[in-house]
Every structure is written in C-alpha cells, then in structure tokens.
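Counting in the working numbering, the sequence shown runs from 117 upward without gaps.
Beta carbons: idealized from backbone N, C-alpha and C, even for Gly.
These notes concern the structure reproduced below.
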Amino acid sequence: MKKRDIEIIKKALSKLVGQSLRDAYRFAGASIHFGFGDMLEDDCFYKDESGKLARDESGKLLRRKSLRPKYALRNECAMRVTCGNEILFAKADIFLPNTKLMKKANIENDGIFDWKAFDWDVVGDNYFDEMIEKYIGDDPFEFVVKKIDVSKFGDLKISFENGFVLELFVDGSGGEESWRFFDVFSEERHLVVLGDGIEDASEE
C-alpha cells in the first residue's frame, strides 16, 4: 500500500479519537458493523424482528425515525477484540456455536455437536454474536476511542480508554474490499480499504 494511501486513512479515521463506540453487530452474513459518534435522527426503512425490511399491505417499504451513530466502520476482513493478553472474540467465532448450543449438545448428545444442523447465520446462535453482546451490548458507553493506528498494509487498530482494542486485518492481496469507513449522514465518498490500496486515492 502506498504511503499516501496510509496518510489518507489516518486522516479520515483521526476524527474518531474521543468518540464513543455506540453499537456493534453482524449484518449480511459475516459482515460486521461498528457505529461511532453522536446519535443523530435518521429516517430509515423499518425492519421486523427477523431483520427483514417490513412492507405495508401494498408492498411499500415502511419507514420510521430512529437514532443512528454518525460514523460507520464496516468490516469484511479478519478482526478481533482484545483486552490485555486475552482475545475476547474474533471473526472466526461467527462460525462456532454459542455456549448454550454447546451445553445442549453435552447434555443431550454426549458432547457430540450436530454441525449439519447448525446455521451460523441465525442471529444469536453463534459464539461471535454471544460475545459481542456480552462485552459491548446495546449501550457501550465506556468504549471511548483513545488512539488510532494504521499499518503499512492498511490494517486498523483502535485502542479504547477502557483497555479494549479492536483490530482489523487486511487479508486479501488484490482489489477486494477489506473494510470501509464513512459518515452516515454525508454524501461524501466512502473510504474503502482494499488489499492493494484504497478505492479512490486521487481525491485528496
């Protein structure tokens, strides 16, 4: 990755220093969303309990007012959250069953887990969903960004004041998307980090 790309990334992400992590969740399978900054009112499409877009009787999508964090960090690549010398959870945990399902297997099936029946994409059924709820939850007010570091490959390290660290690792060598950062309420182009640079390095 070019040095100029790294400087653009650092400049864009520097606005997160002092901001709070507001939410974190999976969307679209193994993609992961992190929301930062002030909570602002937004007119968005309504989703039902299963996460699907809701429609009225005529088939028109329903909209509602809601509060959303100003900044979004969306991850497609390898990632982990650590504290001290411990890895609390990582992206590969998405494909593992949660502790409740494992306990059920231990009780009912002598510890033999039925992998064929396991659907990792069901919200809450995998270990990643369980851990992100445990450590971050719905109101992570104590997660304030202390420092941003960017490696020569575009890997991102966000250190929080409470000792937690979020790391994203660019794990492709070509033009596939690893992660992106953007202002939810702005029409400005997203900062998209690829395996070989950023999507548009010519704007700055």
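Burial check for A144: the Cβ neighbour count within 10 Å stays below 16, so the residue is exposed. For E293, the three-state secondary structure derived from DSSP is strand.
Taking a cut-off of 8 angstroms for Cβ pairs, the region 186-196 and the region 206-219 touch, as three or more such pairs fall below it. Look at the beta carbons and you see the region 292-305 not touching the region 209-225: under three pairs across the two are nearer than 8 angstroms. Non-local beta-carbon contacts of L183 in its own chain, meaning distances under 8 angstroms to residues more than five positions away in sequence, involve M155, L156, E157, D158 in chain order.
DSSP, reduced to helix, strand and coil, places N222 within a helical segment of the structure shown. For C160 and L177, the gap between their C-alpha atoms comes out near 10 angstroms.
Non-local C-beta neighbours of G175 in its own chain, meaning closer than 6 angstroms and more than five positions away in sequence, are absent. When the beta-carbon positions are compared, R138 and Y162 stay at least 7 angstroms from each other. I122 has no beta-bridge partner at all, per DSSP.
L284 sits close to N191, with the two beta carbons spaced by under 7 angstroms. Bridge partners of S275 according to DSSP: K263, V281. The beta-carbon distance between Y141 and I248, rounded to whole angstroms, is 7 angstroms. This is short enough to meet the 8 angstroms contact definition. Judged by DSSP in its simplified three-state form, I148 adopts strand. Counted as a single uninterrupted DSSP element, the beta strand (DSSP E) harbouring F143 occupies residues 137-143. A distance below 6 angstroms between beta-carbons, with the five flanking residues on each side excluded, links D287 to the following residues of its chain, in chain order: C193, A194. Closest by C-alpha distance to K126, out of N201, K268, N278, is K268. Residue environment analysis places W295 among the buried positions, since at least 16 neighbouring C-beta atoms fall within 10 angstroms of its C-beta. Counting every other CB atom within 10 Å of its CB across the protein chains shown gives G270 a total of 16 or more, marking it as buried.
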